[in-house]
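S.K.:
In my numbering, the protein residues as written are 4 to 1263.
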């Protein structure tokens, strides 16, 4: 066994400062700094860009600045240290082979240039002035002790202090000490500092003191005071404005002989970010940064060149962890600088090469070859695993450099390091992992991503308050929930595991599951990292490659998913999202909500009754009957294409009464037991109860499904599920979270809903284990109350021996048990397909094809496309015949079968008998309508008809009572049938199939009898009515076609009415008609209408016009001629009813038409009478409602007349003003009655009662 430590030099420990280079320290140890630095091709370009920036600033005499951009641990400080050494022309740095070309290309301008390089470490600085100006002053004092102090301090207060000292010492002592700087500095041009040896006198002192703060004399005075009388001011933050201070620094560098001033500002952005909670500070200090390149002053004698280290933008790396106004203020400041600063980017892809040199270098060439060989074997993993480990930007070359780490681990590490303080760089954490696993990491293993969590979550703190809370929530979740969950799962604490050998199987299992959990914690902390996005089970396994073992290679993801499904039921923070057509994803919800506290409030609802109720809901939901409130219901299912039912009971079997256990008739009953019982009862008690029932009651079509009992933990989970269901009810949830704010309430609901969902999924699976549908229940079931599979499925019918069903779920299991029961009960049942279409309509279509096949003289018939599947799926399984690709050939299976059975019977062949014979020799158990199809098909094949109580009945699918009897029918000749069908169609209008069979013959005969029975009385009555009318009103009529036709119809009906069945068909076929079929049909079917028309004819009116002798006589004769023609013609030629109505109207018009004969004179007036003219004038219109004259009549009183009635003719109370027409109608009605008091006019003959207008004067 080879360990990584045998191939790579792994240190014994990693110190706090290891792998963290402070710039100020890096430049003091050139050899060490260069020795630990790895230059990549990308870094070569970065050094070239940096040197070009310096060159541009010097050439243009302008200040320049650039961001040195890179993630945490990317080597920004190290880069600046090397650049610093290069500009100092350090031989160690200039000897780096990879930089030879760059150094050579810049030699022309670097040689002879004197550049002051000032390194800065800003963490802890109070502000930019103290950091940059104070840092410069400290750098000068430290490295150039003989140089004058730069005048970067505020002068006003400082000069006031100097004046106080002058007063205390006197001028002689004061100036003597003040001029000590000039004496130590030498004479003009001496000491290398230029002409700064002027001596202070009272005159020059006062002049300088009162000059402008930017004047050279003023600045020199401030500098000399600090150097001599006020040395303590060197370390104060009393500095001038940054813009002024940079100008002073530039001038100072120029004074002491430098061509340029280069500032290396390490961790400036990190320093600003550490103040993110103080937006005022960030805004104020951030605005100053731009002064490095932009100045309101033009007096920077030498350019100021700044390199600012900047880590990756936190928003791009870890999402919106810093939110609100603070984040926006920080972003605004950074954005302000983007257009003014260049960017030199140190890419993360440099890290593999750096890591390979600094921490993963093999101890020798042999070790290198060994590592190469093993990596090549490791790289043969499945493509999806390799893609996960490489990430989108990595490649196998990077992987090899990082081995035994993976690009995915490094990407995650860089991201997590970016939200921590700087001490946890990527290289340092990788080194810590190597040290930690020094004695255990074997060749061939890849460091799991989950191992990162412990390293990055210890020691350093997140620099933002939000991320700090995030990390705290992650720690709390792990310590309070996830860690105990794993310890309970493995029955092993982490402390106990630490005492076991490292390779102990129990310790290894706990550690590997812990890695999965911690990988999810990392994903929750930095969700935007590509390797951690949308964490699928497969990806989770790949990121921890080698730690998950699966019996089937490639199924590691399924193993991981099953683990998390189980854990999610106990920890609602674990979320599993299923995806249609894609892999599920797993995530953790980090929040400060304590779900256990909420669950504890619902303890009272966790009782046996609610557990049973919830268990029943879960079972019924699996069976597809969710929402059932009863413990008993009728369960519908499909078996061999037919709809079936069974009685399903859920309860404690040992408590069931005999009546509950006993089945009812042919319907099966399924009893399902609870997977637990009260203390003191076992699953054997249920078995004993069923044995006792069988002993006392015998066989019953009853099945029992007995589960093994849940273990304690599963019952506890069921209790938690009961609580969750109660808590998450909309009307209950607020009561349980009153102590939480709205945000936490939303988090709590999501967490609890997720836990409920996962717990439900888990309970569903455990139910299937308990009920014997799924293996793997050893960890969930009570071993003392478990049953063997053969014991779980019990039939109380000895003829049915149940086998454990192979089913996907409970619903499927129920169907499989019922299939076994029905298969034993009905062994002869056809195997109909589920879409066989055994509906009334579908079966009727099959019957029609069978009928056609029976009547066809050919052995087979072509079946139309739409009916081929029904025939194949129904007729063939029923043994009606064989179906080829297009043709159906009828068989005689049922014909032979029923004939054989009937030969052994002495009673009439009934439908009930046939139903029983269908189940011989093997019971088929066909649905009633399918039995009907079999019986109807048999009737077709044997020319049988159905009769009920001696009368022929139709019979059809769904309409065959058991009492019906089948009688064989003797069929007429084909020619007779054809003739009968034609005659039935005309004149009787009866359509019949041309196929000659018993059913069609019986149907047509029955329809004929019904029609004859209905029409015969009507035709006979019409013959009598027409004969009477002819004799009374048209005695001289020579020919009456109407009467002849109806007499022929009457004779035809009477001839048919004396026969039925086959005989009526024969008679019909032999009929020869004298009249046309049209005339006969019209006469027969309109006989009743003609009778009514004749009965309603008002012969008195017609007789009335026959007596006319005036000018109306000719018109009256014409009416009578038309009347005679109508009576004599066939009904189809002249419809009598409408014609009589028309002629009657003409007759009435003649009777009411005014004539030239003057009206009779009115009776002579008497003393009591009143003039008629005055009465007509009183009304001016007819008194009767609706009796009006045309509008064009100019003087109605001339046309109006009076009808006299009553006992006093001539008196107004015996007169009625009407039109001539109404008067004629009154006179035609002998029963006409006028009642002025009641204001009515009754005309019974015409069925009318008219309202009258009667004025008081009329009755006076």
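From the three backbone atoms N, C-alpha and C, an ideal C-beta is built for every residue, glycine too.
Is DSSP giving residue 984 helix, strand or coil here?
M.R.: For the purposes of this step, residue 984 is identified with residue 981 of the chain shown, where counting begins at 1. Under the three-state reduction of DSSP, residue 984 is assigned to helix.
S.K.: Helix, strand or coil: which one does DSSP assign to residue 646?
M.R.: One-based indexing of the chain shown puts residue 646 at position 643. Reduced to three states, the DSSP call for residue 646 is strand.
S.K.: Shortest alpha-carbon distance to residue 10 belongs to which of 292, 1134, 437, 92?
M.R.: Within the chain shown, residue 10 is the residue found at index 7, counting from 1. Nearest C-alpha to residue 10: 437.
S.K.: Take residue 290 as the anchor and find which of 253, 261, 305, 244 has the nearest alpha-carbon.
M.R.: Start at 1 with the first residue of the chain shown, and residue 290 comes out as number 287. Nearest of 253, 261, 305, 244 to residue 290, Cα basis: 244.
S.K.: Three Cβ pairs or more, each shorter than 8 Å: is that satisfied between the stretch 37-54 and the stretch 93-101?
M.R.: yes
S.K.: What does a CB cutoff of less than 6 Å around residue 1046 pick up in its chain, not counting 5 residues either side in sequence?
M.R.: For this step, residue 1046 is matched to residue 1043 along the chain shown. Within the same chain, Cβ atoms closer than 6 Å to the Cβ of residue 1046 are found at 1029, the five residues on either side in sequence being excluded.
S.K.: Within the 8 Å Cβ cut-off, does residue 1134 reach chain C?
M.R.: The structure shown has no chain C; it contains just one protein chain.
S.K.: So within the stretch 57-117, which uninterrupted alpha helix (DSSP H) runs reach at least 4 residues, ignoring any that extend past its ends?
M.R.: 79-90, 94-97, 103-113
S.K.: Would you mind stating whether residue 592 and residue 569 have Cβ atoms separated by less than 8 Å?
M.R.: Taking the first residue of the chain shown as position 1, residue 592 is located at position 589. Taking the first residue of the chain shown as position 1, residue 569 is located at position 566. In this structure, residue 592 sits away from residue 569, with a CB-CB distance that is not shorter than 8 Å.
S.K.: For residue 787, count neighbouring Cβ atoms within 10 angstroms of its own Cβ and tell me buried if that reaches 16, exposed if not.
M.R.: Walking along the chain shown from the start, residue 787 turns up at place 784. By the neighbour-count rule (16 or more Cβ atoms within 10 Å), residue 787 is not buried but exposed.
S.K.: Give me the Cβ distance between residue 642 and residue 822, rounded to the nearest whole Å; I'm assuming they're in contact under 8 Å.
M.R.: In the chain shown, counting from the first residue as 1, residue 642 sits at position 639. In the chain shown, counting from the first residue as 1, residue 822 sits at position 819. Contact holds; Cβ gap of about 6 Å.
S.K.: Relative to the alpha-carbon of residue 284, which residue among 891, 131, 1208 has its alpha-carbon at the smallest distance?
M.R.: As a position in the chain shown, residue 284 is number 281, starting the count at 1. Closest option to residue 284, Cα to Cα, is 131.
S.K.: Quick check on the DSSP output: the alpha helix (DSSP H) that includes residue 32 runs from which residue to which?
M.R.: Here the question's residue 32 lines up with position 29 in the chain shown. Neither: residue 32 is in no alpha helix (DSSP H) and is coded neither H nor E.
S.K.: Taking three-plus beta-carbon pairs below 8 Å as touching, is the stretch 163-183 in contact with the stretch 261-271?
M.R.: no
S.K.: Report the option in 904, 1190, 37 whose CA atom is closest to the CA atom of residue 80.
M.R.: Walking along the chain shown from the start, residue 80 turns up at place 77. The residue from 904, 1190, 37 with its alpha-carbon nearest to that of residue 80 is 37.
S.K.: Quick check: what's the CA-CA separation for residue 241 versus residue 128?
M.R.: Taking the first residue of the chain shown as 1, we reach residue 241 at position 238. Taking the first residue of the chain shown as 1, we reach residue 128 at position 125. Taking the straight line from one Cα to the other gives about 14 Å.
S.K.: Which two residues bound the contiguous alpha helix (DSSP H) that contains residue 546?
M.R.: What you label residue 546 is simply residue 543 of the chain shown in a count that begins at 1. 540-546 is the extent of the alpha helix (DSSP H) around residue 546.
S.K.: So if DSSP puts residue 670 in a beta bridge, which residue, or which two residues, is it bridged to?
M.R.: In the chain shown, the residue the question calls residue 670 occupies position 667. According to DSSP, which records beta bridges pairwise, residue 670 is partnered with 667.
S.K.: Buried or exposed for residue 1204, please, with buried defined as at least 16 other CB atoms from any protein chain shown within 10 angstroms of its CB.
M.R.: The residue you call residue 1204 lines up with position 1201 of the chain shown. It is buried - the Cβ of residue 1204 has at least 16 other Cβ atoms within 10 Å.
S.K.: Among 1155, 1259, 1261, 1215, which residue has its Cα nearest to the Cα of residue 1223?
M.R.: Sequence index remark: in the chain shown, residue 1223 carries index 1220 (1-based). Looking at the Cα atoms, 1155 is the closest of the given residues.
S.K.: In whole angstroms, what is the alpha-carbon distance linking residue 1263 and residue 1176?
M.R.: Counting from one through the chain shown, the residue named residue 1263 turns up at place 1260. Counting from one through the chain shown, the residue named residue 1176 turns up at place 1173. Answer to the nearest angstrom: the Cα atoms are 16 Å apart.
S.K.: Terminal residues of the continuous beta strand (DSSP E) containing residue 1138?
M.R.: Taking the first residue of the chain shown as 1, we reach residue 1138 at position 1135. Run containing residue 1138: none; DSSP gives neither H nor E here.
S.K.: Decide if residue 476 is buried, meaning its Cβ has at least 16 other Cβ atoms within 10 Å, or exposed.
M.R.: Sequence index remark: in the chain shown, residue 476 carries index 473 (1-based). It counts as buried.
S.K.: Enumerated in chain order, which unbroken segments of the alpha helix (DSSP H) with a length of 4 residues or greater are wholly contained in the stretch 369-431?
M.R.: 386-393, 399-405, 410-420
S.K.: Specify the secondary structure class of residue 1219 as computed by DSSP and reduced to three states.
M.R.: Locating residue 1219 in the chain shown gives position 1216, counting from the first residue. Residue 1219: strand per DSSP, three-state reduction.
S.K.: Taking only the alpha-carbon atoms, compute the straight-line gap between residue 725 and residue 652 and give it to the nearest angstrom.
M.R.: Position 722 of the chain shown, counting from 1, holds the residue named residue 725. Position 649 of the chain shown, counting from 1, holds the residue named residue 652. Residue 725 and residue 652: Cα-Cα distance of roughly 22 Å.
S.K.: Find the nearest neighbour of residue 604 within the set 727, 298, 489, judged by alpha-carbon distance.
M.R.: Locating residue 604 in the chain shown gives position 601, counting from the first residue. Residue 604 has its Cα closest to that of 727, out of 727, 298, 489.
S.K.: Mind checking which residues open and close the alpha helix (DSSP H) that includes residue 450?
M.R.: In the chain shown, the residue the question calls residue 450 occupies position 447. Boundaries cannot be given for residue 450, as no alpha helix (DSSP H) includes it and DSSP labels it neither H nor E.
S.K.: Do you know how far the Cα of residue 169 is from the Cα of residue 113?
M.R.: Taking the chain shown and counting its residues from 1, the one referred to as residue 113 is at position 110. Taking the chain shown and counting its residues from 1, the one referred to as residue 169 is at position 166. When rounded, the distance between both Cα atoms is 47 Å.
S.K.: Under 8 Å between the Cβ atoms of residue 528 and residue 419?
M.R.: Position 525 of the chain shown, counted from the start, is the residue given in the question as residue 528. Position 416 of the chain shown, counted from the start, is the residue given in the question as residue 419. Closer than 8 Å, so yes.
S.K.: List the DSSP bridge partners of residue 2.
M.R.: Given a span of 4 to 1263 for the chain in the structure shown, any question on residue 2 remains unanswerable.
S.K.: In the DSSP assignment, the alpha helix (DSSP H) including residue 1023 goes from what residue to what residue?
M.R.: Walking along the chain shown from the start, residue 1023 turns up at place 1020. 1001-1036 is the span of the alpha helix (DSSP H), which, as asked, contains residue 1023.
S.K.: Taking residue 1185 and residue 1221 to be in contact with their CB atoms under 8 Å, please state how far apart those CB atoms are, rounded to whole angstroms.
M.R.: One-based indexing of the chain shown puts residue 1185 at position 1182. One-based indexing of the chain shown puts residue 1221 at position 1218. With a Cβ gap of about 5 Å, residue 1185 and residue 1221 count as contacting.
S.K.: Figure out for me which residue from 1218, 1230, 271, 1092 has the closest Cα to the Cα of residue 1256.
M.R.: As a position in the chain shown, residue 1256 is number 1253, starting the count at 1. Closest by alpha carbon: 1218.
S.K.: I need the straight-line Cα distance from residue 1021 to residue 1090, nearest angstrom please.
M.R.: Counting from 1 along the chain shown, the entry for residue 1021 is found at position 1018. Counting from 1 along the chain shown, the entry for residue 1090 is found at position 1087. So the alpha carbons of these two residues sit roughly 6 Å apart.
S.K.: Please name the residue in 402, 205, 396 whose C-alpha comes closest to that of residue 363.
M.R.: The residue given as residue 363 occupies position 360 in the chain shown. Relative to the Cα of residue 363, the nearest Cα in the group 402, 205, 396 belongs to 402.
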